[in-house]
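UniProt numbering applies: residue 1 is where the sequence shown begins, and numbers increase by one. Even for Gly, the Cβ is constructed at its ideal location relative to N, Cα and C.
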Amino acid sequence: IDVKEPLDLIKLSLEERIYVKMRNDRELRGKLYAYDQHLNMVLGEVEEIVTVVETDEETFEEVYRQKKRNIPMLFVRGDGVILVSSPT
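Listed below in structure tokens is the structure:
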């Protein structure tokens, strides 16, 4: 593997499935089609998981729920990206 700078690692993931952790408790898994130096990305066949915290009205305990949806093609703005890795 010839990695000289961080974006080289992203380049190796082109046309591969990746995992992207986003701000606001969002996670994306999808196929990387394009990216730029700002980590703006175009992903295909995306599964989005959003973790939401709700308060139980009776016990007042925090309840964590995950909402999932599938998106055929998605533009991801780079300033919301926290982490990019393989989709394990």
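Minimum Cα-Cα distance from residue 31 among the listed residues 11, 37, 52 corresponds to 11. Between residue 68 and residue 49, the gap from beta carbon to beta carbon is short of 7 Å. For residue 55, the pairing in a beta bridge is given by DSSP as 62.
For the 7 Å CB-CB criterion, residue 22 and residue 80 form a contact. A direct Cα-Cα distance of roughly 33 Å separates residue 70 from residue 58.
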